[in-house]
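Enquirer: In the UniProt record's numbering, the protein residues as written are 1 to 520.
Idealized CB from N, CA, C, for every residue including glycine.
Structure in structure tokens, see below.
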């Protein structure tokens, strides 16, 4: 999903406060203001940041697609291994995403990103190599692969590396896409919009191209070659990414200044800790653990009480859906006899529609304001998904049969159009989150909690598809997904009401007077 932006940020009046507490109507009213011209971004550093982000996103999206493909190929008689992998990695993200985000607050910003780059590449290789071993042994039968010690050992290795890969992905995403981007923008809404928009477009391009690239390797050559090749690409990209991120850090001085301030705060906290009596005692360690748990609980309480929680909840509802081109939907469509080239083309069209959403969002923000742009975006997604749900109940084919043309048009056309609103809303919500937590001392820890909400919704999706596993039952999963999207849109309405003081731009009385004037 994704998010752009471009309006004047309202002042933050106090720590953790609503960014629009004083004048909620003004947050959304795009009025021109006389401002000092903002210094342009360092072009070379900006380009290198995007190149590094492309390399990182390419590796993440490639692994995301390839590992599932390798598991399904290694265990052709069962979808259980792939389902277990998705469930376990998502559960790990839910449990440890707060910890992963907290590392961004307490670690050196450049050092943490470097560490994440190395860990991500090694973890990806740690998933590819066991898959490669399974390709060399027991391809003839799934039962043979499960025989100890090979099958369980290799699958366990894939699971462990998958969990590590997921947590490192969360840390680098919070660090680069939230912390670094906010710092580099230097309180300029225009810079924030530019950075967010380009980063999201890169995510979408990688989501489009990397699965096609993996499919080309496996179809044109072999699965073994694909595993070897992807390992080599990860090692090469790791080397270049470490160089690029160093240059970016050096050419954006605000990153170093932010780190100096962070180190000062950490030093003060460590001084207090070392001054505590019996710092090495068991009681002290127990106290530290209790403090850590209490801080985590306090983060959740503060997050829930913060006005941005409604916005975060709304986007999290959008993750509980099978109405997207993920593995679940593709499996259903394969059961309906759609060919691989056709599905690849439809998936590409959907990603292009998502890119259109990233182009539309800045225009909508300038015309409507940030909060209203988000409202229009999420409700446009709801409207576009109506024909998709109808397609599962009216004229839907039996399993193993092709749908009539009009039914396929409803299904694929509605999904394609819904991507525009989805990605535009994602960009709106991202900017709302960044502005709301811009001056918060624990913004990265709280930002990571939104990842937790999204992962909870994602895991519920896995549970839903495990319960409704047969193709004939997929329509109920689609209906549940549509209800979840409606819940997200309704939750965002509550956020709009809280931020702007009203939902409609004009009250009903205003609309009536306007109509009267028009008629006269």
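1) How long is the line joining the alpha carbons of residue 364 and residue 57, rounded to whole angstroms?
2) Determine the contact status of residue 162 and residue 115, defining contact as a CB-CB distance below 8 Å.
3) Whole angstroms is fine: what's the gap from residue 383's alpha carbon to residue 373's?
4) Is it buried or exposed for residue 324, if we count other Cβ within 10 angstroms and need 16 for buried?
5) Within the continuous alpha helix (DSSP H) that includes residue 246, where are the two ends?
6) Kindly list the residues whose CB is nearer than 8 Å to the CB of residue 175, restricted to its own chain and excluding five residues on each side of it in sequence; keep chain order.
7) Grab me the residues of residue 432's own chain with a C-beta within less than 6 Å of its C-beta, minus the 5 sequence neighbours each way, in chain order.
8) Over what stretch of residues does the alpha helix (DSSP H) that includes residue 196 continue unbroken?
9) Hey, quick one: how far does the alpha helix (DSSP H) through residue 338 stretch, first residue to last?
10) Given a cut-off of 8 Å, decide if residue 358 and residue 200 are closer than it, judged by their beta-carbon atoms.
11) In its own chain, which residues sit with a C-beta less than 6 Å from the C-beta of residue 119, not counting the 5 before and 5 after it?
12) How should residue 233 be labelled, buried or exposed, when 16 other C-beta atoms within 10 angstroms of its C-beta is the threshold for buried?
13) If I'm right that residue 164 touches residue 97 with Cβ under 8 Å, what's the distance once you round it to whole angstroms?
14) Going by beta carbon distance, what residues of the same chain come within less than 8 Å of residue 54, once the five residues before and after it are set aside?
15) Spatial neighbours of residue 475 within its chain, please: CB distance less than 8 Å, with the 5 preceding and 5 following residues excluded, ordered by chain position.
16) In or out: residue 378 buried (at least 16 other Cβ within 10 Å) or exposed?
17) Mapping DSSP to helix, strand and coil, what is residue 351?
18) Leaving aside the five residues before and after residue 25 along the sequence, list all residues of the same chain whose C-beta is less than 7 Å from its C-beta, in chain order.
19) Taking the alpha-carbon positions, what's the residue 293 to residue 451 distance?
20) Could you give the DSSP three-state label for residue 462: helix, strand or coil?
21) Compute the distance between the beta-carbons of residue 320 and residue 132, then report whether it is under 8 Å.
22) Give the straight-line distance between the Cα atoms of residue 32 and residue 188, rounded to the nearest whole angstrom.
23) Report, in whole angstroms, the separation of the C-beta atoms of residue 217 and residue 348, which I expect to be a contact under 8 Å.
24) When you compare only the Cα positions, how much space is there between residue 244 and residue 253?
Expert: Reading from the atomic positions:
1) Residue 364 and residue 57 have their C-alpha atoms spaced approximately 27 Å apart.
2) It is not a contact, given that the beta carbons lie outside the stated cut-off.
3) Take the alpha-carbon of residue 383 and the one of residue 373: they are about 15 Å apart.
4) By the 10 Å Cβ count, residue 324 comes out buried.
5) In the DSSP assignment, residue 246 falls within the alpha helix (DSSP H) that extends over 223-251.
6) The residues are 104, 109, 112, 113, 116 and 444.
7) Here the set comprises 311.
8) Looking at the DSSP string, the run of the alpha helix (DSSP H) that includes residue 196 is 189-220.
9) Counting along the chain, residue 338 falls outside any alpha helix (DSSP H), and DSSP gives it neither H nor E.
10) Judged by beta-carbon spacing, residue 358 lies within the 8 Å limit of residue 200, meaning their Cβ atoms are closer than that value.
11) Excluding residues within five positions, the ones whose Cβ falls inside 6 Å are 168.
12) The residue is buried, with at least 16 neighbouring Cβ atoms inside 10 Å.
13) Not confirmed; about 13 Å, so no contact.
14) Once the five neighbours on either side are set aside, the close Cβ partners of residue 54 are 202, 205 and 206.
15) Here the set comprises 392, 393 and 396.
16) By the neighbour-count rule (16 or more Cβ atoms within 10 Å), residue 378 is buried.
17) In the structure shown, residue 351 sits in a helix (DSSP, three-state: H, G or I).
18) No answer about residue 25 holds up, because its pLDDT of 42 lies below 50 and its placement is not dependable.
19) It is roughly 18 Å from the alpha-carbon of residue 293 to the alpha-carbon of residue 451.
20) Per DSSP, reduced to three states, the secondary structure at residue 462 is helical.
21) Here residue 320 is not near residue 132, since their CB atoms are 8 Å or more apart.
22) Interpretation of residue 32 is limited by its pLDDT of 47, a score under 50 that renders its predicted location unreliable; the figure taken from the coordinates is listed afterwards. As the crow flies, the alpha-carbon of residue 32 is around 14 Å from that of residue 188.
23) In fact, because the Cβ distance is near 17 Å, the residues do not count as touching under 8 Å.
24) Each residue's Cα considered, the two are about 15 Å apart.
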